[in-house]
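Protein chains: 2
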Amino acid sequence: MKTPIQKRAIATRAKLIDAANKAIAAKGYGALRVEDVVQRAGVAKGTFFAHFRDKDALMDIIIGNEIDRFLDQLDATPPPGSVEALIDRLTPLTQFMTHERYVFDVILRHSGAAASEEVGPIAKTFERYIMVLAPWLATASFRKDVDPWLLAEGVQALGIQCMALHFCAIHKEEPMRERMNRYFSAWLCPSTCTKEKTRH
Amino acid sequence: MKTPIQKRAIATRAKLIDAANKAIAAKGYGALRVEDVVQRAGVAKGTFFAHFRDKDALMDIIIGNEIDRFLDQLDATPPPGSVEALIDRLTPLTQFMTHERYVFDVILRHSGAAASEEVGPIAKTFERYIMVLAPWLATASFRKDVDPWLLAEGVQALGIQCMALHFCAIHKEEPMRERMNRYFSAWLCPSTCTKEKTRH
DNA sequence: TATTGAAATTGACCATGGTCAATATAAAAT
DNA sequence: ATTTTATATTGACCATGGTCAATTTCAATA
Chain A
1 MKTPIQKRAI ATRAKLIDAA NKAIAAKGYG ALRVEDVVQR AGVAKGTFFA
51 HFRDKDALMD IIIGNEIDRF LDQLDATPPP GSVEALIDRL TPLTQFMTHE
101 RYVFDVILRH SGAAASEEVG PIAKTFERYI MVLAPWLATA SFRKDVDPWL
151 LAEGVQALGI QCMALHFCAI HKEEPMRERM NRYFSAWLCP STCTKEKTRH
Chain B
201 MKTPIQKRAI ATRAKLIDAA NKAIAAKGYG ALRVEDVVQR AGVAKGTFFA
251 HFRDKDALMD IIIGNEIDRF LDQLDATPPP GSVEALIDRL TPLTQFMTHE
301 RYVFDVILRH SGAAASEEVG PIAKTFERYI MVLAPWLATA SFRKDVDPWL
351 LAEGVQALGI QCMALHFCAI HKEEPMRERM NRYFSAWLCP STCTKEKTRH
């Protein structure tokens with residue numbers, strides 16, 4: 001249901017989301033089963049799919065919510081004065097996004113766009129992320145030759161790459177923090193970074 | 201079977217991959233069904249999973265193969281002298297990666313790493329991609345203040361972001377080519393890019 | 001060539017996401 | 001109150017990926 005009209009539908013939807021959150025708290029995101037959710041909520045399976053297009057749509061909502069909470073934190077924070085400080089600010093969100101492989105996959109799948117044409121919750125948080133970062137990056141210590149929006153988009157893209165490599169057997173040895181530092185420094189402060197062999 | 205010893209096992213594996221390729225040719229990647237593959241190959245379903253951990257592992261192999269073909273092309277090409285030329289070189293691969301949403305998702309899922317600890321075919325092509333691009337980016341027209349390897353990794357990350365946005369309802373209006381140009385120019389030629397408002 | 005142990009294959013079976021015609025409930029109209 | 005219409009819910013059913021004990025085939029060896 002896109003627009004629940006009756007009160008009971010709203011209540012059912014809330015029950016389902018609540019049940020899902022509890023199931024996740026108990027067993028993690030990847031282990032979530034629709035069957036478990038509907039049982040906890042005390043409704044039939046069909047009801048679930050009357051409220052959410054599919055399981056992924058529920059994950060989109062729940063994870064999107066979670067990311068929004070992190071963005072609320074960031075929003076209430078003064079701009080970082082350095083790449084290091086920027087990484088510090090982003091760390092909680094980064095850790096959430098990588099704390100479970102399944103979560104990272106869901107986020108990636110929804111980051112660009114929802115499966116359909118409409119923009120889902122996670123995609124919206126990616127927009128919001130840009131809007132939070134852009135003003136930060138308009139700050140003195142970062143490069144001024146390109147639009148802060150573009151800078152923010154770059155931080156997003158490079159950050160995701162860092163997280164992806166974090167799951168990778170080949171690249172696991174380098175701590176994510178260092179990798180982010182390399183990437184972000186090169187992206188945000190091109191003039192000040194010195195040439196150094198970074199591997200091999 | 202990681203290491204098929206008997207000849208028939210090798211033949212069976214080949215039959216399966218061949219059948220899968222035919223099924224894909226007929227209906228596309230996203231519509232591939234294991235049932236269809238084993239029927240075409242004339243084997244039981246269990247045999248499929250004796251040869252591949254899961255359906256995703258098969259897709260990893262087949263899509264990895266395809267990407268490798270594009271990399272072969274790139275390998276036989278002289279370094280691009282400009283961002284525009286770079287984008288031109290990458291276009292066929294970019295188009296393949298985005299020609300089906302499902303394909304892009306599979307690639308993303310395997311790009312960082314295989315689900316397990318071992319490095320899968322697609323992950324290997326991402327390594328190879330870096331090795332092809334790095335020498336290109338060591339060329340005169342691109343920035344020299346950072347390691348070409350890092351430059352290549354950045355092109356990869358930013359390129360993927362462009363593709364992800366290509367699927368996104370919000371960003372669809374801007375052609376991928378232009379977006380890549382913005383990203384790559386800022387990344388590869390920081391000194392020469394002029395500040396310009398790029399949106400809003 | 002008969003025996004035997006490992007490799008390969010089989011297919012019935014399971015787990016889980018998702019569908020839909022039928023039914024029940026709420027709210028509006030008479 | 002009764003009827004009517006739209007909304008919400010139900011649960012049997014389906015589609016598809018994946019498992020595994022049993023069976024067959026291969027090839028090495030006596």
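So the protein sequences, as listed, match chains A and B. Under this note's numbering, the first residue of the first sequence carries the number 1, and numbering increases by one thereafter. Under this note's numbering, the first residue of the second sequence carries the number 201, and numbering increases by one thereafter. We treat Cβ as the ideally placed atom computed from N, Cα and C, and that holds for glycine.
Assumed close pair residue i, residue j - CB separation to whole angstroms, cut-off 8 Å
i, j, result
"Ala-241(B)", "Lys-207(B)", "Not really, about 16 Å apart at Cβ, beyond 8 Å."
"Ala-220(B)", "Ile-262(B)", "6 Å"
"Ile-87(A)", "Arg-177(A)", "6 Å"
"Phe-167(A)", "Arg-89(A)", "Wrong, their Cβ atoms sit about 22 Å apart, outside the cutoff."
"Val-238(B)", "Thr-247(B)", "7 Å"
"Leu-333(B)", "Leu-108(A)", "That pair is no contact at about 22 Å."
"Ala-186(A)", "Gln-361(B)", "About 16 Å; that fails the 8 Å criterion."
"Phe-142(A)", "Leu-150(A)", "With a Cβ gap of about 12 Å, Phe-142(A) and Leu-150(A) do not count as contacting."
Any chain A beta carbon closer than 8 Å to residue i
i, result
"Phe-367(B)", "yes"
"Arg-309(B)", "yes"
"Asp-305(B)", "yes"
"Ala-276(B)", "no"
"Ile-370(B)", "yes"
"Val-206(B)", "Here the sequence assigns Gln to residue 206(B), which means Val is not the residue at that position. Gln-206(B) does not count as touching chain A."
"Gln-295(B)", "no"
"Ala-209(B)", "no"
"Ala-223(B)", "no"
"Gln-361(B)", "yes"
"Ala-250(B)", "no"
Minimum Cβ-Cβ distance from residue i to chain B less than 8 Å
i, result
"Leu-37(A)", "It is Val, not Leu, that sits at residue 37(A) in the sequence shown. No, because no Cβ of chain B sits closer than 8 Å to the Cβ of Val-37(A)."
"Ile-87(A)", "no"
"Asp-60(A)", "no"
"Leu-32(A)", "no"
"Val-83(A)", "no"
"Ala-57(A)", "no"
"Gly-28(A)", "no"
"Gly-112(A)", "yes"
"Val-119(A)", "yes"
"Gln-156(A)", "yes"
"Ile-67(A)", "no"
"Ala-211(A)", "There is no way to answer for residue 211(A), as the model of chain A reaches only from 1 to 200."
"Ala-123(A)", "yes"
"Ala-44(A)", "no"
"Ala-14(A)", "no"
"Ala-41(A)", "no"
Inter-residue spacing [alpha-carbon to alpha-carbon] between residue i and residue j
i, j, result
"Arg-233(B)", "Arg-13(A)", "33 Å"
"Glu-153(A)", "Ile-130(A)", "6 Å"
"Met-363(B)", "Gly-30(A)", "26 Å"
"Ser-282(B)", "Thr-94(A)", "34 Å"
"Gly-359(B)", "Pro-190(A)", "19 Å"
"Pro-148(A)", "Ala-138(A)", "5 Å"
"His-310(B)", "Ala-211(B)", "26 Å"
"Phe-126(A)", "Val-119(A)", "11 Å"
"Leu-388(B)", "Glu-284(B)", "12 Å"
"Lys-255(B)", "Val-355(B)", "30 Å"
"Glu-235(B)", "Val-106(A)", "26 Å"
"Ala-315(B)", "Lys-22(A)", "Since pLDDT at Ala-315(B) reaches only 44, below the 50 mark, its modelled position is unreliable, and the value read off the structure follows with that caveat. When rounded, the distance between both Cα atoms is 26 Å."
"Lys-324(B)", "Gly-264(B)", "8 Å"
"Phe-270(B)", "Pro-292(B)", "7 Å"
"Ile-5(A)", "Ala-50(A)", "13 Å"
"Val-103(A)", "Ile-67(A)", "11 Å"
"Trp-336(B)", "Pro-280(B)", "7 Å"
"Met-59(A)", "Ile-217(B)", "33 Å"
"Pro-375(B)", "Gly-112(A)", "15 Å"
"Phe-384(B)", "Ala-244(B)", "49 Å"
"Ile-370(B)", "Arg-379(B)", "13 Å"
"Thr-277(B)", "Ala-257(B)", "30 Å"
"Ala-9(A)", "Pro-121(A)", "20 Å"
"Gly-228(B)", "Arg-253(B)", "21 Å"
"Asp-275(B)", "Leu-165(A)", "24 Å"
"Phe-296(B)", "Gln-73(A)", "39 Å"
"His-299(B)", "Arg-328(B)", "21 Å"
"Ala-340(B)", "Val-346(B)", "13 Å"
*Which of the residues in the region 179 to 193 of chain A, read from start to end, lie with their CB under 8 Å from any CB of chain B?*
Arg-182, Tyr-183, Ala-186, Trp-187, Pro-190, Ser-191, Cys-193
*Output, in sequence order along the chain, the residues in the region 327 to 354 of chain B whose CB is closer than 9 Å to any CB in chain A.*
Glu-327, Arg-343, Lys-344, Asp-345, Val-346, Asp-347, Trp-349, Leu-350, Leu-351, Glu-353, Gly-354
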